[in-house]
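A.B. asks:
Number of protein chains: 2
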Amino acid sequence: MPKKVDHDERRRHIAEAVVRIAGRDGLDGARLRDVAVEAGMSLGSVQHYFASKDEMLRYVVHYLGEHVTERIMAGMCSPAVASASPVRSFLLSMASEMLPLDARRRAERRAGQAFTALAVGVPELMKDLGEGDRWLRERVTDLIVQGQRDGELRAGLDPRLESVALLAMLDGLGSELLLGLRDPEEALSAVRYHLDRLAPG
Amino acid sequence: MPKKVDHDERRRHIAEAVVRIAGRDGLDGARLRDVAVEAGMSLGSVQHYFASKDEMLRYVVHYLGEHVTERIMAGMCSPAVASASPVRSFLLSMASEMLPLDARRRAERRAGQAFTALAVGVPELMKDLGEGDRWLRERVTDLIVQGQRDGELRAGLDPRLESVALLAMLDGLGSELLLGLRDPEEALSAVRYHLDRLAPG
Chain A
1422 MPKKVDHDER RRHIAEAVVR IAGRDGLDGA RLRDVAVEAG MSLGSVQHYF
1472 ASKDEMLRYV VHYLGEHVTE RIMAGMCSPA VASASPVRSF LLSMASEMLP
1522 LDARRRAERR AGQAFTALAV GVPELMKDLG EGDRWLRERV TDLIVQGQRD
1572 GELRAGLDPR LESVALLAML DGLGSELLLG LRDPEEALSA VRYHLDRLAP
1622 G
Chain E
1422 MPKKVDHDER RRHIAEAVVR IAGRDGLDGA RLRDVAVEAG MSLGSVQHYF
1472 ASKDEMLRYV VHYLGEHVTE RIMAGMCSPA VASASPVRSF LLSMASEMLP
1522 LDARRRAERR AGQAFTALAV GVPELMKDLG EGDRWLRERV TDLIVQGQRD
1572 GELRAGLDPR LESVALLAML DGLGSELLLG LRDPEEALSA VRYHLDRLAP
1622 G
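Residue numbers (the working numbering), protein chains in the order written: chain A, 1422 to 1622; chain E, 1422 to 1622.
#1: Could you check whether the region 1566-1582 of chain E touches the region 1524-1536 of chain E, counting it as contact only if at least three pairs of C-beta atoms, one from each stretch, sit closer than 8 Å?
#2: Is the distance from the Cβ of A1472(A) to the Cβ of A1438(A) below 7 Å?
#3: Are three or more beta carbon pairs between the region 1538-1548 of chain A and the region 1474-1481 of chain A nearer than 8 Å?
#4: Out of D1427(A), L1485(A), D1617(A), point me to the one whose CA is closest to R1707(A)'s CA.
#5: Give the secondary structure of R1445(E) by DSSP, where H, G and I count as helix, E and B as strand, and everything else as coil.
#6: Just to confirm my understanding: we take R1431(A), look at its own chain, exclude 5 residues before and 5 after, and list those with CB closer than 7 Å. What are they?
#7: Rounded to whole angstroms, what's the CA-CA distance from M1422(E) to A1436(E)? Just pull it up for me.
#8: How is E1573(A) classed by DSSP in three states: helix, strand or coil?
#9: Three or more C-beta pairs under 8 Å: does that hold for the region 1541-1559 of chain A against the region 1547-1565 of chain E?
#10: Locate the alpha helix (DSSP H) running through D1592(E), then write down its first and last residues.
#11: Taking the beta carbon of P1544(E) as the centre, do at least 16 other beta carbons fall within 10 Å, making it buried, or is it exposed?
#12: Counting only runs of 4+ residues fully inside the region 1472-1531 of chain E, write out the alpha helix (DSSP H) ranges in chain order.
#13: Rounding to the nearest angstrom, what Cα-Cα distance links P1521(E) and L1609(E) in this structure?
#14: Reducing DSSP to helix, strand and coil, say where V1458(A) ends up.
#15: What separation, rounded to the nearest whole angstrom, lies between the Cα atoms of F1578(E) and E1518(E)?
#16: Smallest Cα separation from A1576(E): which of S1504(E), L1619(E), A1443(E)?
#17: If distances are taken between C-alpha atoms only, which option among D1446(E), P1621(E), D1549(E), L1464(E) comes closest to R1531(E)?
#18: Within 7 Å of any Cβ in chain E, is that where the Cβ of G1622(A) sits?
#19: For chain A, find out if any of its Cβ atoms is closer than 7 Å to the Cβ of A1451(E); answer yes or no.
#20: Report buried or exposed for H1428(A), applying the criterion of at least 16 other Cβ atoms within 10 angstroms of its Cβ.
#21: What is the DSSP secondary structure of L1602(E), reduced to helix, strand or coil?
#22: Run through chain A and tell me which residues come within less than 8 Å of R1618(E), C-beta to C-beta.
#23: Near Q1569(E), what residues of its chain come up, given a Cβ to Cβ distance below 8 Å and the 5 sequence neighbours on each side ignored?
#24: Buried or exposed for L1602(E), please, with buried defined as at least 16 other CB atoms from any protein chain shown within 10 angstroms of its CB.
#25: Listing by chain order, which chain E residues have their CB less than 7 Å from the CB of H1615(A)?
#26: Please confirm if A1443(E) has its CB atom under 7 Å from at least one CB of chain A.
#27: Are L1464(E) and A1457(E) closer than 7 Å when you measure CB to CB?
#28: Looking only at its chain, what residues have a beta carbon closer than 8 Å to the beta carbon of H1615(E), apart from the 5 residues adjacent to it on each side?
#29: Does D1427(A) come out as helix, strand or coil in the three-state DSSP assignment?
#30: How many Å lie between A1451(A) and E1606(A) at the Cα?
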């Protein structure tokens, strides 16, 4: 009986190969052919799932976005996080998952950067990038509003500008970590320090 | 009588050509040959000043660093800035000059990014990058200490972490501006908002 190949499973398998290449060699010179070798598939099979490198990277970024979201959610559901400051815990968990603090997250960020570099000048990909950014910014804004309503965060904060500031900080720390200009402990200290000041009093 | 060519002047002339290319087409595919055309010089003349693209970009980054510093200083000496909050004014001026808020500063940032991309994996260039980063971080830390001593900034701030946080924020906003994810007014509002909270209660 022929084995039924799960379409989504194959795409995820290819995405993982892309992340490994990103972490090891970067994606600048990577071709679909290299991805096929890494994934242990023929070029034709990879092309069956992705017609171009653009399309593949676009999928990888969505895939990683879901992956990171799942990890944040899993972190949130651990007993340690059922805390008196759920918004702070969530933002800290988000920061930890977004920052390139270990090999896996460095590879993820490199894949994201490769996508961003590719997206410049390609309206369809820039639209993706803009939507992802807006989605994240709105979620963080909503969380800050929630924290204010529940008395966990200062009433005087401007939720929209706090969201812009925090996401910019994480973006910058991410680049600096990747370049080795900050180490993980220093980056996390800066995030914790910043989140502390959002609390009342 | 042969015209005496000022060595530094020629290097600055070439650096300006590099910045124009960065602003227009990016530097990814740019070769010394393209820089020569843009500068209106022969390839041999450009090579007389810079043996390689690495060496040229290294000079350009130093040149731009001095340029930005000069602009910050000029901004500081304007009558409007002789204010009751010199540290805040300085940091805001620094942010305005570092962020890609107009065509010139976008070109400068693109040149900086090209240098950074080139520096990855090249110890000599990474050392440059690390030194530039440390220099800036220490200057901002010192300024925050000064602001605290003079009562302009909150006594409770951690100067080192404030410096890391502010520079990360500017780094992130810079990338986001270049990608069109933020507009100049939004980015500056976030910076002003952030600086406001450093002032005493």
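Backbone N, C-alpha and C fix where the C-beta goes; we use that ideal spot for every residue, glycine too.
C.D. replies: According to the structure shown:
#1: The region 1566-1582 of chain E vs the region 1524-1536 of chain E: no contact.
#2: Taking the C-beta atoms as reference points, A1438(A) is found no nearer than 7 Å to A1472(A).
#3: Yes, since at least three Cβ pairs between the region 1538-1548 of chain A and the region 1474-1481 of chain A fall closer than 8 Å, the two stretches touch.
#4: Outside the modelled stretch of chain A, which goes from 1422 to 1622, sits residue 1707(A), for which no answer is possible.
#5: Residue state, collapsed to three classes: helix.
#6: Contacts found: Y1470.
#7: Below a pLDDT of 50, predicted positions are generally treated as unreliable, and M1422(E), at 49, falls in that range; the measurement from the model is reported next regardless. Taking the straight line from one Cα to the other gives about 28 Å.
#8: E1573(A) falls in the coil class under three-state DSSP.
#9: Contact between the region 1541-1559 of chain A and the region 1547-1565 of chain E is absent: fewer than 3 CB-CB pairs across the two stretches fall below 8 Å.
#10: Counting along the chain, the alpha helix (DSSP H) containing D1592(E) begins and ends at 1580-1599.
#11: Exposed, by the Cβ-count rule.
#12: List check, alpha helix (DSSP H) in window: 1474-1497, 1507-1519.
#13: P1521(E) and L1609(E) have their C-alpha atoms some 11 Å from each other.
#14: Helix.
#15: Reading off the sequence shown, one finds Leu at residue 1578(E), where the question assumed Phe. Distance between the alpha carbons of L1578(E) and E1518(E) is about 24 Å.
#16: Answer by Cα proximity: L1619(E).
#17: Among D1446(E), P1621(E), D1549(E), L1464(E), the Cα nearest to that of R1531(E) is on D1446(E).
#18: Chain E contact via Cβ: absent.
#19: Not one beta carbon of chain A lies nearer than 7 Å to the beta carbon of A1451(E).
#20: The C-beta of H1428(A) has fewer than 16 other C-beta atoms within 10 Å across all chains shown, which makes the residue exposed.
#21: L1602(E) falls in the coil class under three-state DSSP.
#22: Neighbours of R1618(E) on chain A, chain order: R1618.
#23: Only R1575, A1576, L1578, P1580 meet the Cβ criterion.
#24: It counts as buried.
#25: Neighbours of H1615(A) in chain E, taken as residues whose beta carbon is under 7 Å from its own, are A1586 in chain order.
#26: Contact of A1443(E) with chain A is not assigned, every C-beta pair being separated by 7 Å or more.
#27: Closer than 7 Å, so yes.
#28: Taken in chain order, the residues that qualify are L1587, M1590.
#29: In the structure shown, D1427(A) sits in coil (DSSP, three-state: anything other than H, G, I, E or B).
#30: If I take the Cα positions, the gap works out to 32 Å.
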